[in-house]
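Here the protein sequences come in this chain order: A and B.
Everything in the first sequence is counted per my numbering, starting at 222 for the first residue and increasing by one.
Everything in the second sequence is counted per my numbering, starting at 178 for the first residue and increasing by one.
Working notes, structure below.
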Amino acid sequence: MNSKAYPGQEAIIANGWWLANRWLISRRLSQVGVLGLFLIGPWFGWWFVEGNLSSSLILGILPLSDPYVFLQSLATGHWPETAAITGVLMVVSFYLIVGGRAYCAWVCPVNLVTDAAFWLRDRLGLGGASSLSRKTRYWLLGATLLIPVVSGQIIWELVNPVSMLHRGLIFGFGAAWVVLLAVFIFDLFVTRRGWCSHLCPMGAFYSLLGTHSVIRVRADNRIACNDCLDCYKVCPEQQIIRPVLKEADKGTGPVIDSANCTNCGRCIDVCAPNIFHMGLRFNNKVSVNTNRSDRSNHSSGVEVL
Amino acid sequence: MIKHQAHAKSSTSGSPARRRFLQDSSRSIGIVALMSLGLGIYSKQSRSLPADALRPPGALKEPDFLGACLRCGLCVRDCPYDTLGLATAGDDVNTGTPYFKAREVPCEMCDDIPCVVACPSGALDKSLINIDDARMGLAVLFDQENCLNFQGLRCDVCYRVCPAINQAITLEHRSNQRSGKHAMFIPTVNSDHCTGCGKCEHACVLEEAAIKIFPLSLVAGKADDHYRMGWEEKSQHGSSLVAPDQEHLYNLPSGQRYDYDKEGLIFEENSSGEAIQ
Ligand code: SF4
Ligand code: SF4
Ligand code: SF4
Ligand code: SF4
Ligand code: SF4
Numbered sequence: 222m223n224s225k226a227y228p229g230q231e232a233i234i235a236n237g238w239w240l241a242n243r244w245l246i247s248r249r250l251s252q253v254g255v256l257g258l259f260l261i262g263p264w265f266g267w268w269f270v271e272g273n274l275s276s277s278l279i280l281g282i283l284p285l286s287d288p289y290v291f292l293q294s295l296a297t298g299h300w301p302e303t304a305a306i307t308g309v310l311m312v313v314s315f316y317l318i319v320g321g322r323a324y325c326a327w328v329c330p331v332n333l334v335t336d337a338a339f340w341l342r343d344r345l346g347l348g349g350a351s352s353l354s355r356k357t358r359y360w361l362l363g364a365t366l367l368i369p370v371v372s373g374q375i376i377w378e379l380v381n382p383v384s385m386l387h388r389g390l391i392f393g394f395g396a397a398w399v400v401l402l403a404v405f406i407f408d409l410f411v412t413r414r415g416w417c418s419h420l421c422p423m424g425a426f427y428s429l430l431g432t433h434s435v436i437r438v439r440a441d442n443r444i445a446c447n448d449c450l451d452c453y454k455v456c457p458e459q460q461i462i463r464p465v466l467k468e469a470d471k472g473t474g475p476v477i478d479s480a481n482c483t484n485c486g487r488c489i490d491v492c493a494p495n496i497f498h499m500g501l502r503f504n505n506k507v508s509v510n511t512n513r514s515d516r517s518n519h520s521s522g523v524e525v526l
Numbered sequence: 178m179i180k181h182q183a184h185a186k187s188s189t190s191g192s193p194a195r196r197r198f199l200q201d202s203s204r205s206i207g208i209v210a211l212m213s214l215g216l217g218i219y220s221k222q223s224r225s226l227p228a229d230a231l232r233p234p235g236a237l238k239e240p241d242f243l244g245a246c247l248r249c250g251l252c253v254r255d256c257p258y259d260t261l262g263l264a265t266a267g268d269d270v271n272t273g274t275p276y277f278k279a280r281e282v283p284c285e286m287c288d289d290i291p292c293v294v295a296c297p298s299g300a301l302d303k304s305l306i307n308i309d310d311a312r313m314g315l316a317v318l319f320d321q322e323n324c325l326n327f328q329g330l331r332c333d334v335c336y337r338v339c340p341a342i343n344q345a346i347t348l349e350h351r352s353n354q355r356s357g358k359h360a361m362f363i364p365t366v367n368s369d370h371c372t373g374c375g376k377c378e379h380a381c382v383l384e385e386a387a388i389k390i391f392p393l394s395l396v397a398g399k400a401d402d403h404y405r406m407g408w409e410e411k412s413q414h415g416s417s418l419v420a421p422d423q424e425h426l427y428n429l430p431s432g433q434r435y436d437y438d439k440e441g442l443i444f445e446e447n448s449s450g451e452a453i454q
């Protein structure tokens, strides 16, 4: 199929190791950093951040609350306190800008688990197509918001791997590792990118939140694509890349504006001809001219208004 | 290639794309329905709170609490006595919710109730401002065979540690039938004042406490709504509601009266001012 050992190899040769890994490294630093902020309290007694991702208090004043957990609580018919409402508004406005699923790529601790499973799956050559629809997560999201209406009890938080891992690390694990092991096994053996790209209702919720988010990956330089497919291989939501790269003639603009893009930036890393970059969602028109002279000046002027 | 071949199988029922869409959707719905069923049963089970697990002060009633609590642990963090903990998966308490076990660490009934102040969701009700109004549970001295005071000794430990001493627990005197000449001091819990803090259970000197705190839902009885206590109704109304009170007549020698409520036997004075003997 491909003579290359791994995706991104060409990019390392062309652009150097740092440029070919900078988004991945920054992302890991962010994930570990967020976790670290929550952990220095219980570990060293410095309480910059109290609580967990479901709801927290920063520096003793700023409340942050997870909008999905909050919605589940609302669905039971409970009207929360101002602190939780303020916290939700903070978080929602943040992700409206940086992209809903930036939560997945830059914050969520489960992403470390599922990325590890994906890496191992690739190494072990456990390929195979998925028979699971990527829309399943939206059905599950609906179910997790409907069942509480009937039962009056928050339901997804009983098993939510995201809350369980994060809370487990901070407050004590118990048997929560079972749920994470299940996610790992599912992603490793059952379905490629099974959990995060097919089932997780939390990711589905954040994707809806980021439908119109401002910061987006752009492929303004898409004519330079040499069809190496490295971006497809690394993208957790590979179905979103093709239209942007290949359907300029059908009127698709250069912005990857699918709500499922996690803004992980890995496609930027692995692309040897550097056709992707992080940008804004505006100015998503197809260039009138798709000839080479336009490409050198892709950032602004060439777009038709 | 990345994309599957949508038209790999030919179909007799509509276009291949449409058919695959229907297949995908029905599979998704099936999977989600299965997961929902499993979750539904699990959640039903996880509703029950074990008898020795107590919620923090001000907690809404179960299962309202399970709809309100965000499982953030801010109450746990702000408790200065490390009373509270979050249930972990596999515990017999709903995952992630705060609780305490009185025999391990009781609630010290902080005046400023930091756990309630910290709660962002209202699962711990902010209208609780006086900790004496908290009702985390109710103490019950259920093992009368082992409680030392019931043996006629003067242990009194639960009585002494109670933050509402002489109110939540009082010592009621009773004669000691065994010795025939001593008194027993029976620790008696009064639900009007007991907050369910668990100090008494924690302090009970026995290997297994004779006095324990249980959730109110477990120990509190409830009279039918239509029950009316005659004496309460009467005092509220000021006089009997049914028939006017009859004056009780005693067959006494002349010059004597009997007042049942107050004075007892009364000798009326004669005209000369001397009591008739
Ligand atoms: S899809 Fe779910 S588990 Fe995966 S990274 Fe996003 S929130 Fe976390
Ligand atoms: S009242 Fe004080 S001791 Fe009791 S649970 Fe709250 S913070 Fe802890
Ligand atoms: S602070 Fe409130 S919402 Fe958070 S765990 Fe405690 S009771 Fe639940
Ligand atoms: S639980 Fe025990 S110590 Fe606490 S108020 Fe009630 S009787 Fe007193
Ligand atoms: S502390 Fe225990 S043994 Fe002592 S009086 Fe109270 S209930 Fe009885």
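By construction, the Cβ of each residue, glycine as well, lies at the ideal position given by its N, Cα and C atoms.
Keep in mind that this is a model prediction, so the values were computed, not measured.
Item	Value
C-beta atoms of residue 491 of chain A and residue 401 of chain A nearer than 9 angstroms	no
Within 7 angstroms of chain A by C-beta, residues of the segment 207-235 of chain B in sequence order	208, 209, 212, 213, 216, 217, 219, 220, 223, 224
Cβ-Cβ distance between residue 379 of chain A and residue 425 of chain A below 9 angstroms	no
Sequence-distant residues of its chain with Cβ nearer than 7 angstroms to residue 241 of chain A (five each side left out)	229, 232, 233, 490, 491
Given residue 275 of chain B as reference, the closest of B:214, B:409, B:245, B:233 once Cα atoms are compared	B:233
Chain-ordered chain B contacts of residue 388 of chain A [CB-CB under 9 angstroms]	248, 249, 250, 263, 265, 272, 273
Interface flag, residue 348 of chain B vs chain A, CB-CB below 9 angstroms	no
Residue 349 of chain A versus A:413, A:284, A:442, residue with shortest Cα-Cα distance	A:413
Integer Cβ distance of residue 270 of chain A from residue 288 of chain A, believed to fall under 8 angstroms	Not really, about 18 angstroms apart at Cβ, beyond 8 angstroms.
One or two residues paired with residue 273 of chain A in a DSSP bridge	A:276
Residue 324 of chain A CB to nearest heavy atom of ligand 1 below 8 angstroms	yes
For residue 460 of chain A and residue 181 of chain B, the rounded distance between their alpha carbons	Because residue 181 of chain B carries a pLDDT of 47, less than 50, the predicted location of this residue cannot be relied on, and no value is offered for it.
Spatial distance of residue 361 of chain B from residue 394 of chain A (CA atoms)	48 angstroms
Beta-carbon proximity check, residue 331 of chain A vs residue 383 of chain A, cutoff 9 angstroms	yes
Cβ-heavy atom distance, residue 254 of chain A to ligand 1, below 8 angstroms	no
CA-to-CA distance, residue 247 of chain B to residue 297 of chain A, given in whole angstroms	12 angstroms
Through-space distance from residue 365 of chain A to residue 207 of chain B, alpha-carbon basis	15 angstroms
N- and C-terminal bounds of the beta strand (DSSP E) containing residue 316 of chain B	315-318
Chain-ordered chain B contacts of residue 394 of chain A [CB-CB under 7 angstroms]	265
Buried versus exposed, by CB contacts within 10 Å (16 or more), residue 448 of chain A	exposed
heavy atom of ligand 5 below 8 angstroms from residue 315 of chain B C-beta	no
Classification of residue 432 of chain A by the beta-carbon crowding that lies within 10 angstroms, buried from 16 upward	exposed
Chain B within 9 angstroms of residue 517 of chain A, Cβ atoms only	Caution applies to residue 517 of chain A, whose pLDDT of 41 falls short of 50 and renders its modelled position unreliable; the model cannot decide the point.
Residue 362 of chain B: first and last residue of the uninterrupted beta strand (DSSP E) it sits in	360-366
Every unbroken alpha helix (DSSP H) inside the segment 287-362 of chain A [4 residues or more]	288-296, 303-319, 323-327, 331-344
Beta-carbon spacing of residue 217 of chain B, residue 376 of chain A below 9 angstroms	yes
Contact under 9 angstroms by Cβ, residue 378 of chain B with residue 316 of chain B	yes
Nearest-angstrom Cα separation, counted from residue 388 of chain B out to residue 262 of chain A	37 angstroms
Exposure of residue 487 of chain A, with buried meaning 16 or more beta-carbon neighbours within 10 Å	buried
Alpha-carbon spacing of residue 250 of chain B relative to residue 341 of chain B, whole angstroms	28 angstroms
Proximity winner among B:284, B:404, B:322, relative to residue 262 of chain B (alpha-carbon distances)	B:284
Buried versus exposed, by CB contacts within 10 Å (16 or more), residue 303 of chain A	exposed
Buried versus exposed, by CB contacts within 10 Å (16 or more), residue 435 of chain A	exposed
Segments of 3+ residues assigned as beta strand (DSSP E) that fall wholly inside the segment 391-439 of chain A	436-439
Limits of the alpha helix (DSSP H) - the one that residue 200 of chain B falls within	193-222
Residue 364 of chain B beta carbon near ligand 5 (any heavy atom closer than 8 angstroms)	yes
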